[in-house]
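Beneath this line is the structure, given in C-alpha cells, with notes to follow.
Numbering (the numbering used here), first residue to last: 2 to 401.
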C-alpha cells in the first residue's frame with residue numbers, strides 16, 4: 002500500500018495551489034524585490050520568457066529557470082562591494098545571481114509520480130514546477146486571462162498556468178496519510194539514521210558577517226545555522242526560512258551586528274528601534290552611508306504606508322507598499338525547535354510543519370546539540386520504502 006501511495010500523481014498535491022508569479026530573467030533585483038513585496042510570497046519564479054508581454058509566441062520555449070527569494074537579495078547585498086553601493090547592486094539582472102549548474106528548480110509533468118518528485122528533491126531540487134490548468138478549450142476564457150496576465154502577470158503560457166511544490170508541501174502530503182506507512186513513522190529518528198551530524202554553528206557574540214557562507218550553504222541545503230554560547234549550547238538559529246520573510250535591510254544587520262543581535266533583528270514583529278539606530282551608527286563608522294539611506298527609505302516607507310493602509314482599506318497603492326512590518330510579522334521567531342534521538346519520525350514531522358521549520362535540532366539527554374533533521378532527511382526515509390533503483394538524474398529540459 003505504501004508503494005502504491007508513492008505512485009500517486011503529483012497533480013494531487015497541486016489542488017488549491019496558486020499560480021506562480023513570474024519575472025523574466027532580464028529583470029533587475031530591484032524589480033524582483035518589488036514583485037516579492039507585492040505578491041506577499043517568499044519566492045518569485047524566474048522564466049526564460051517575459052510574461053508581461055501582451056502576446057507570447059506560441060512555439061517559443063518558455064521555462065522556469067530559477068527562483069528569487071529575499072535570501073538571495075540579502076546574501077548579494079551583504080557582499081563588501083555591494084554594501085558600498087546597494088542601489089547599483091539592485092540594478093543587477095536576476096539571472097546574474099541564479100546558481101549555476103545547480104537545478105534547485107525543476108519542471109515535472111502533472112502525471113509524474115510522487116516518487117519521482119521525491120527523487121528530484123533528493124537530487125537537490127527545492128521547487129518543482131508543475132502545470133495546473135489548461136484553457137485552450139475555452140478561447141474566451143483564454144482571451145480574458147491573456148488580458149489579465151498583461152496587467153498582473155502569472156505563469157500563463159500556451160494556455161497553461163503553473164504552480165510549484167516545495168519540500169514542505171511533499172512532507173505535509175505524506176503526513177496527511179501517514180497511516181499508510183505504518184509502523185515506520187513510529188520508529189525513532191536515530192533508528193532511521195536521519196540525524197545529520199554535520200552542523201553549521203556560529204557563536205552568539207561572533208560577528209554575523211562571519212556566518213555569511215554558512216547562511217548561503219544553509220539556504221542551498223534547506224537547513225539552518227545554529228547560534229550557540231561559549232559552551233556550544235544551542236541558543237537559537239539563523240534560518241533562511243525566517244530570512245525569507247524579512248527585507249533587504251537585513252544585509253545591513255549582517256554587516257554590523259553580532260549573530261545574537263541578528264536573531265533579535267529578524268524575529269517577527271520587526272526590529273526594535275534601538276537596534277536600527279545601532280546599525281546606522283556602525284554603518285556610518287564603516288563609511289557605508291548608502292546603506293544608511295537604504296534603511297531610512299525602507300523604514301520610513303513602511304511607517305507612512307502602514308498609516309495610509311490602516312486609514313483606507315481600499316487604498317491599493319498603500320496596502321501594496323505596507324510590506325516591511327507585514328513581512329516580519331509573517332515570520333516565525335528565531336528560537337530553535339528541538340527533538341531527541343528517541344523522538345519518533347511522525348513527531349518530528351509534526352514539529353517541523355507546525356513551526357514552519359525546515360530544521361529540527363537534535364539534543365541528547367544532557368541537552369547537548371548532537372545533530373539536525375531536515376525535510377530532505379525525512380524524505381529519504383519514505384524514498385527507501387519503494388525499494389526500487391532510483392532513476393538517473395535528468396536534465397531540466399522540459400519545454401512548454
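Yeah, the Cβ is synthetic: ideal placement off N, Cα and C, and Gly gets one too.
Residue i - DSSP class collapsed to helix/strand/coil
i           : result
residue 277 : helix
residue 235 : strand
residue 111 : coil
residue 404 : This structure leaves residue 404 out entirely; the chain is present only between 2 and 401.
residue 309 : Confidence at residue 309 is low in this model, with a pLDDT of 37, below 50, so the placement of that residue is unreliable and no value is reported for it.
residue 344 : coil
residue 202 : strand
residue 128 : strand
residue 339 : strand
residue 324 : Low confidence applies to residue 324: its pLDDT is 47, below 50, so where it sits in the model is not reliable enough to give any reading.
residue 104 : coil
residue 177 : helix
residue 301 : helix
residue 190 : coil
residue 403 : Because the chain is modelled from 2 through 401, residue 403 falls outside the range shown and cannot be assessed.
residue 385 : helix
Residue i versus the options, residue with shortest Cα-Cα distance
i           : options            : result
residue 255 : 80, 194, 105       : 80
residue 64  : 288, 218, 108, 74  : 108
residue 384 : 199, 171, 25       : 171
residue 246 : 74, 43, 15, 25     : 43
residue 9   : 48, 181, 95        : 181
residue 176 : 234, 349, 244, 358 : 349
residue 354 : 341, 375, 343      : 375
residue 174 : 93, 361, 286, 351  : 351
residue 295 : 84, 39, 2          : 84
residue 13  : 74, 35, 226, 133   : 133
residue 100 : 118, 195, 119, 74  : 74
residue 240 : 118, 372, 98, 268  : 268
residue 88  : 22, 118, 293       : 293
Cut-off 7 Å between Cβ atoms - residues of its own chain near residue i, not counting five sequence neighbours on either side
i           : result
residue 86  : 291
residue 139 : Confidence at residue 139 is low in this model, with a pLDDT of 42, below 50, so its placement is unreliable and no value can be given for it.
residue 208 : 259
residue 344 : 189, 190
residue 378 : 195, 197
Start and end residues, beta strand (DSSP E) containing residue i
i           : result
residue 375 : 370 to 375
residue 1   : Residue 1 lies beyond the range of the chain shown here (2 to 401); nothing can be said about it.
residue 162 : 161 to 167
residue 23  : 23 to 25
residue 39  : Taken as a continuous stretch (DSSP letters only), residue 39 belongs to no beta strand (DSSP E), being part of the alpha helix (DSSP H) at 30 to 40.
residue 360 : 360 to 364
residue 96  : Taken as a continuous stretch (DSSP letters only), residue 96 belongs to no beta strand (DSSP E), as it is neither H nor E.
residue 88  : Per DSSP, residue 88 belongs to no beta strand (DSSP E); it is in the alpha helix (DSSP H), 87 to 90.
For residue j and residue i, believed in contact at Cβ under 8 Å, the rounded distance
i           : j           : result
residue 248 : residue 364 : Their Cβ separation, rounded to whole angstroms, is 32 Å, which puts residue 248 and residue 364 out of contact at 8 Å.
residue 106 : residue 126 : 7 Å
residue 370 : residue 185 : Rounded, the Cβ-Cβ distance is 26 Å, inconsistent with contact.
Neighbour flag for residue i against chain B, beta carbons, 7 Å
i           : result
residue 383 : No chain B is part of this structure, which consists of one protein chain only.
Spatial neighbours of residue i in its chain, beta-carbon cut-off 6 Å, leaving aside the 5 residues before and after
i           : result
residue 206 : 259
residue 122 : 168, 380
residue 76  : 217
residue 114 : 8
residue 198 : 372
Delimiting residues of the alpha helix (DSSP H) encompassing residue i
i           : result
residue 264 : 260 to 267
residue 257 : 251 to 257
residue 68  : Taken as a continuous stretch (DSSP letters only), residue 68 belongs to no alpha helix (DSSP H), being part of the beta strand (DSSP E) at 65 to 70.
residue 5   : 3 to 7
residue 216 : 213 to 222
The ligand ATP heavy atom lying under 6 Å from the CB of residue i
i           : result
residue 121 : This structure lacks the ligand ATP; in fact it carries no ligand of any kind.
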